[in-house]
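Engineer: Chains as they are written, first to last, in the working numbering: chain A, 1 to 272; chain B, 1001 to 1272; chain C, 2001 to 2303; chain D, 3001 to 3303. Note that beta-carbon positions come from the ideal geometry of N, C-alpha and C, so glycine has one too. Model, not experiment: these values are computed from the prediction. Can you keep this structure in mind? I'll have questions shortly.
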Amino acid sequence: MDLQRNHNHTTIVTIEKVIDETPTVRTLVFSDDVMSDVLPGQFAMVWIPGINELPMSVMISDESGKAAFTVRKHGESSTGLFNVKVGEKIGIRGPYGNSFDLKEGKLLLVGGGTGLVPMMRLLTHVRPTDDVTVLIGAKSKDEVFFEDLANRLLEKNAHQVIVSTDDGSYGEKGFVTDLVEKYVEQTKFDGVYVCGPEIMMYKTVQSAHSRGIFVQASLERMMKCGVGICGSCCVGEDLVCKDGTVFDGQHLSENKEFGKFHRNKAGILENY
Amino acid sequence: MDLQRNHNHTTIVTIEKVIDETPTVRTLVFSDDVMSDVLPGQFAMVWIPGINELPMSVMISDESGKAAFTVRKHGESSTGLFNVKVGEKIGIRGPYGNSFDLKEGKLLLVGGGTGLVPMMRLLTHVRPTDDVTVLIGAKSKDEVFFEDLANRLLEKNAHQVIVSTDDGSYGEKGFVTDLVEKYVEQTKFDGVYVCGPEIMMYKTVQSAHSRGIFVQASLERMMKCGVGICGSCCVGEDLVCKDGTVFDGQHLSENKEFGKFHRNKAGILENY
Amino acid sequence: MEPNIATSIGPIQLDRPVMLASGILGISLDVFNRLYRSGAGAVVTKSLSTEPWEGYPNPTIFSVNGGGWINAVGLSNPGAENFAKMIEPNKDVPIIVSLVGSIPEDFEKMVKEFQNCKVTAYELNLSCPHVAKVGLEVGDDPELVKKIVSTVKNSTNVPVIAKVGLGTTHYLKTVGTAIDSGIDAITAINTVRAMAIDVETQRPILSNKYGGLSGTPIKPIALRCVYEISSKYDIPIIGCGGISTWEDAIEFFLAGASAIQLGSAIGDNWIDVFNEINNGISQYMKKKNYSKIEEMIGLAKKS
Amino acid sequence: MEPNIATSIGPIQLDRPVMLASGILGISLDVFNRLYRSGAGAVVTKSLSTEPWEGYPNPTIFSVNGGGWINAVGLSNPGAENFAKMIEPNKDVPIIVSLVGSIPEDFEKMVKEFQNCKVTAYELNLSCPHVAKVGLEVGDDPELVKKIVSTVKNSTNVPVIAKVGLGTTHYLKTVGTAIDSGIDAITAINTVRAMAIDVETQRPILSNKYGGLSGTPIKPIALRCVYEISSKYDIPIIGCGGISTWEDAIEFFLAGASAIQLGSAIGDNWIDVFNEINNGISQYMKKKNYSKIEEMIGLAKKS
Ligand SMILES: Cc1cc2nc3c(=O)[nH]c(=O)nc-3n(C[C@H](O)[C@H](O)[C@H](O)COP(=O)(O)OP(=O)(O)OC[C@H]3O[C@@H](n4cnc5c(N)ncnc54)[C@H](O)[C@@H]3O)c2cc1C
Ligand SMILES: Cc1cc2nc3c(=O)[nH]c(=O)nc-3n(C[C@H](O)[C@H](O)[C@H](O)COP(=O)(O)OP(=O)(O)OC[C@H]3O[C@@H](n4cnc5c(N)ncnc54)[C@H](O)[C@@H]3O)c2cc1C
Ligand SMILES: Cc1cc2nc3c(=O)[nH]c(=O)nc-3n(C[C@H](O)[C@H](O)[C@H](O)COP(=O)(O)O)c2cc1C
Ligand SMILES: Cc1cc2nc3c(=O)[nH]c(=O)nc-3n(C[C@H](O)[C@H](O)[C@H](O)COP(=O)(O)O)c2cc1C
Ligand code: FES
Ligand code: FES
């Protein structure tokens, strides 16, 4: 059944568990063999019946055969997903997109907010010999999540998980991108991976790429189809859903729109 | 390519060789891996572009990877096929239909006219230990064909190939069904197989089945779709294209229409 | 409680909601009996005309590589009179007699032929896309539709269904006209006018050039027609077009159909398809706790 | 001799006969450049309106299990003015600007916005099946079609194409009206109105309920439309609908199309599909000994 599944066709799944990560972020767990095995960086199109369909990175689950979405409540659609209760149904299609090229050795993972989702899955792929630094950025203390999870996933590795908050209410004070600059300055990482607000990704890519360090970012854009038809997710000549979501620092540094513009629902370029 | 071929979709092939069997019967040879390997009894729907599409038993070819149709020129359509020249193209789809259940031991094959086509393919499946009798019925001497071919295919077997003509101009004189009656009377065959005019099949089935001998006939009916949609090939509650073309004597003896009626192009029952 | 998959289409009662569509295997009473035993809730006959028709020469059916069939059988049929004689012995099978013609009198005459037969309903084929002067050319003419429907309704007490399709006049207009003229139910849809060309020989494949597309490709189109009709009119609907699984059947019920018909699926899955779909519907009803088909008809319009 | 796959659609000259259809990846000049490099002979923009439109909420695109897509993007677009600014730098890519609107003045205004842009042609979208007041609702009104076509023809020297589809008025009538009003070419067809319902949640999947079916399921329908138009009228035709292989492309040429457009095939085979089809056409022409596309246009009508 699952082998034959047309991954573009919407499959209905039932939410089995809801975890409150912060007052505005929840993880919704469901059973699905296909989604439980996606590659780090891959996403699904998630249908909240009667409300909307949104692209969501596929979150890992402790239990095999299960997967999750970790959603921050924001506008109408994400709030709709945030409010889905145990036993209720959502539709999923995918997985879509490429995935991170995980280097060996000294790794730096940088995530902000729900941008941590692909980072957590990436952590399940590191080798025991990798030395991993995770930087988590948040506005304030009560927006911090996945710190414990990151530590747990890295139990067998040389690692550090460092949190920074803009207001200093937890961990280091300041923007996580300042921490990035500091770390790439002092360590020649074998790979840097980032997902979060575009400005965070832009600065991280700059910090690493300008020093010749391999860096990849997982981009977000307005997505309608997820399959390379509608064009809504374009960044320069790239289509995020089809060519990405993961792009190399080299490629991004040549893209005219990355870090500067995104398109709104009508397709009009807007500044970040 | 051929493995993925949708067998209901028309494939165009080029006629490579035309063999005159009699003044009114020709064999047209073409290359096609799928058709070269069909089971005895199976047929194809053959498109003569601009003219018609006809069901045709798939004839064997000496060369591997090739198949053929042996057509008697009759009405407009079969004459159209008869007139196809080397280098010209026809369309084929299939193979369709079931095939003969070949018993071991003493076998009797009865064929008339182009009804010999499935019999020739059946001969390529007999085992060296089988003792095979082939009865060929024809109106007169110049309508006899495939006698040499049958002998050649049976080189390694205990066998006899006997021709009867209605006018006695060649072989035995009389109807082949009289020969059938004679042979099933004197020999307890392990299997009797017949294809030809319905009356020949009807009598053959009667002769064998009434004596408890396993017998199968390959029926012909008006065919439009070949796939069990249009209904034009029905005989009683059977659809020849889908349930047949090969039926057991037991089944046929219970069928109200076999040997008595067939349907014309409008679907009206007509007597044989 | 075991769900009951019986259904009513207005005045028509069926034990099972999946019927054989017109033109599919539909020329012999023996075959009808076999299909009924295989799970069909009713069989619709090949569309019958006043006189026997030979139809078009082959090729009359083409299998589309991506799925579905294009046919231009040309409404070959033995004529109403011959057909009526053939089905006279019928006792068990709910037979819906499909009729095709150019003028009201054609239909009136044919209905008379069937007066000694057990006929569950008549289905007026107003929508064959590839035969001149009948089918869609009739369905596209509202005045004619009105006259034909009224004439047939006046000639018989047996329920009368109109079968519509995508023609040159908007099918919703035809539906409206048929309803105003007293029709009992609507079957939607017939095949969609289509074509295939062979690139090697550079000619249309079907002898008639144009044919009607059926099977999976037209399912999303047929489904929207059922939804449109049931959103606009209060009339029992029989959904038809590309149905091949129980999920498809449920989609049509949710869109507003009281029963369904299928044809092309037989070419792909043979006649086991009837019971596969019946069983799937049953399972679904059990899961959703429905005791009757009726409970799910049109539910998708509520959202 | 290497065959030449250049083609003319009336006054429009293209180096390659396969274009990107409107609404597919069609909102960014950078992407247009990339598609042109990938083998597209021209790109048609997303249909543009006088004002920016957000379109419908998601889900806007649904993948049909048996093949094809149903979309109700709702003509989201940045508006003609924004779009014209974006493509002003264009030098290389043959861009066909698709326009959508309700009244002749909408079109007149939009054409003005593009006066400083290199525009190969305008394509008037008279056939979007799922947005009220524009698209098909315009195409279905012959008087309006006449006015819009005449107005646009009077506003520009750039060739003007009308894109038609299956609506409530017969599309051949729309084609006739457009031709009488001076149109230079016809694109046939747009998506076909369709629907999908989720049986678990029992609701239409697309936020707009109805959408347009595209991709392989509609190919046989689109092909017959091209054949019908070219049999009835003497007008250059661009075939569109379900084309995904070079054989499909050839079928459309043989039916009478001078060029083709594709969209959905990109969702299945990504943008390599352009050169795959270009190469297939080339091979076919070599085998059949054609030196120009023109030689095969409409050949299937001769048989
Ligand atoms: C590949 C990818 C993975 C994502 N993963 C996650 C995740 O794991 N968790 C999470 O909470 N969010 C994730 N998002 C973001 C998410 O899709 C929504 O954009 C976000 O939840 C805000 O949606 P909203 O409609 O509630 O916000 P609104 O207030 O309606 O809109 C806020 C902004 O969200 C963006 N947005 C709205 N709809 C879409 C859409 N269909 N596609 C992309 N952006 C949209 C728009 O840019 C808009 O300006 C991901 C986005 C992408 C592209
Ligand atoms: C399974 C099967 C295998 C066959 N194999 C051969 C074969 O190997 N060689 C051969 O010469 N013939 C074969 N036939 C018969 C062949 O299909 C034609 O029926 C025959 O050639 C006469 O065709 P016609 O149109 O020229 O004759 P017409 O003079 O037009 O018609 C004569 C009779 O042929 C029958 N006929 C016409 N069209 C069809 C059709 N589409 N399907 C079935 N019957 C039709 C009708 O009963 C008609 O009464 C086979 C038929 C079937 C059903
Ligand atoms: C070979 C064939 C013959 C048909 N003949 C008729 C007919 O005589 N009358 C009619 O109303 N519909 C006829 N149809 C249309 C079907 O009844 C049905 O409406 C259509 O095929 C769509 O259903 P499907 O996709 O399940 O096949 C025919 C269809 C096929 C494929
Ligand atoms: C997502 C999507 C958006 C579309 N948007 C438009 C549009 O804005 N204007 C238009 O004329 N056609 C639009 N179409 C229709 C296509 O241009 C094309 O006519 C149709 O998809 C059939 O071609 P295909 O089968 O190759 O996709 C759209 C199609 C899709 C799938
Ligand atoms: S989301 Fe439609 S092209 Fe990427
Ligand atoms: S030939 Fe059509 S059902 Fe047998």
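(1) Using a Cβ cut-off of 9 Å (strictly closer), state whether residue 3219(D) contacts chain C.
(2) Got a sec: does ligand 3 put a non-hydrogen atom nearer than 8 Å to the Cβ of residue 2189(C)?
(3) Compare the beta carbon distance of residue 1991(C) and residue 2264(C) with 9 Å and say whether it is the shorter of the two.
(4) Report the residue from 3208(D), 3262(D), 3254(D), 3201(D) whose alpha carbon sits nearest the alpha carbon of residue 2288(C).
(5) Straight-line CA distance for residue 234(A) to residue 3222(D)?
(6) Can you list, in chain order, every residue whose CB sits closer than 5 Å to a heavy atom of ligand 2?
(7) Out of curiosity, what's the CA-to-CA distance linking residue 130(A) and residue 32(A)?
(8) Cβ of residue 3208(D) within 8 Å of any heavy atom in ligand 1?
(9) Evaluate residue 3290(D) with the Cβ neighbour count: other Cβ atoms within 10 Å of its Cβ, from every protein chain shown; 16 or more gives buried, anything less gives exposed.
(10) According to DSSP, simplified to helix, strand and coil, what is residue 3301(D)?
(11) Measure the alpha-carbon distance for residue 119(A) versus residue 2296(C) and round it to whole angstroms.
(12) By the criterion of Cβ-Cβ separation under 7 Å, what are the contact partners of residue 2055(C) in chain B?
(13) Any heavy atom of ligand 5 inside 8 Å of the beta-carbon of residue 3020(D)?
(14) The region 2239–2264 of chain C: which residues have C-beta closer than 7 Å to a C-beta of chain D, in chain order?
(15) If you run the structure through DSSP and keep just helix, strand and coil, what is residue 1111(B)?
(16) Grouping DSSP H, G and I as helix and E and B as strand, with all else coil, what is residue 3077(D)?
(17) How would you write the range of the alpha helix (DSSP H) that residue 1095(B) sits in, first residue to last?
(18) Check each candidate in 3131(D), 3129(D), 3155(D) and name the one with the smallest Cα separation from residue 3122(D).
(19) Is residue 1237(B) close to chain C? Criterion is C-beta to C-beta, closer than 9 Å.
(20) For residue 59(A), collect the residues of the same chain with a Cβ closer than 8 Å to its Cβ; drop the 5 residues on either side in sequence, then sort them by chain order.
(21) So, do the region 3230–3241 of chain D and the region 3185–3193 of chain D have three or more beta carbon pairs nearer to each other than 8 Å?
(22) State whether the region 1181–1199 of chain B contacts the region 1012–1027 of chain B, with contact taken as three or more CB pairs (one from each stretch) at a distance under 8 Å.
(23) With 16 other CB atoms within 10 Å as the buried threshold, where does residue 2058(C) fall?
(24) With a cut-off of 9 Å, does the C-beta of residue 3204(D) fall near any C-beta of chain C?
(25) Which residues of chain C have a Cβ atom closer than 7 Å to the Cβ of residue 3214(D), listed in chain order?
(26) Residues of chain D with CB under 8 Å from residue 242(A), in chain order?
(27) Starting from the C-beta of residue 3055(D), find all residues in its chain whose C-beta is less than 7 Å away, skip the five residues before and the five after it, and write them out in chain order.
(28) Return no unless some Cβ of chain A is closer than 9 Å to the Cβ of residue 3046(D).
(29) Let me confirm a value: residue 262(A) is counted as buried when at least 16 other C-beta atoms fall within 10 Å, else exposed. Which label applies?
(30) Rounded to whole angstroms, what is the Cα-Cα separation between residue 1941(C) and residue 1143(B)?
(31) Could you tell me which residues DSSP pairs with residue 1053(B) in its beta bridges?
(32) Check whether the Cβ atoms of residue 3083(D) and residue 3070(D) sit closer than 9 Å, and answer yes or no.
(33) Helix, strand or coil, according to DSSP, for residue 2251(C) in the structure here?
(34) Find the residues of chain B that neighbour residue 2125(C), judging by a C-beta separation of less than 8 Å, and give them in chain order.
(35) Does the beta-carbon of residue 203(A) have 16 or more other beta-carbons within 10 angstroms, so that it is buried, or is it exposed?
(36) Going by DSSP in three states, residue 3088(D) sits in which element: helix, strand or coil?
Structural biologist: Inspection of the coordinates gives the following:
(1) yes
(2) yes
(3) Lying outside 2001 to 2303, the shown extent of chain C, residue 1991(C) is not represented and no answer is given.
(4) 3201(D)
(5) 29 Å
(6) 1043(B), 1054(B), 1055(B), 1056(B), 1057(B), 1071(B), 1072(B), 1074(B), 1075(B), 1077(B), 1078(B), 1114(B), 1117(B), 1220(B), 1222(B), 1223(B), 1245(B)
(7) 30 Å
(8) no
(9) Per the 10 Å Cβ criterion, buried.
(10) Note: residue 3301(D) maps to helix in three-state DSSP.
(11) 44 Å
(12) 1265
(13) No, ligand 5 has no heavy atom inside 8 Å of this Cβ.
(14) 2247, 2250, 2251, 2254, 2255
(15) strand
(16) strand
(17) Taken as a continuous stretch (DSSP letters only), residue 1095(B) belongs to no alpha helix (DSSP H), being part of the beta strand (DSSP E) at 1089–1096.
(18) 3155(D)
(19) Yes, residue 1237(B) lies at the interface with chain C (some Cβ there is under 9 Å from its Cβ).
(20) 27, 67, 68, 69, 70, 117, 120, 121
(21) Remark: three or more beta-carbon pairs, one from each stretch, lie closer than 8 Å, so the region 3230–3241 of chain D and the region 3185–3193 of chain D are flagged as touching.
(22) no
(23) Buried.
(24) yes
(25) Those do not exist, as residue 3214(D) stays about 10 Å from chain C at its closest Cβ, beyond 7 Å.
(26) 3270
(27) 3073, 3074, 3075, 3076
(28) yes
(29) buried
(30) Absent from the structure is residue 1941(C), since the part of chain C shown begins at 2001 and ends at 2303.
(31) Looking at the DSSP assignment, residue 1053(B) forms a beta bridge with 1047(B).
(32) Contact: no.
(33) helix
(34) By Cβ distance, chain B contributes nothing, its closest Cβ being about 16 Å from residue 2125(C), past 8 Å.
(35) buried
(36) In the structure shown, the three-state DSSP call for residue 3088(D) is coil.
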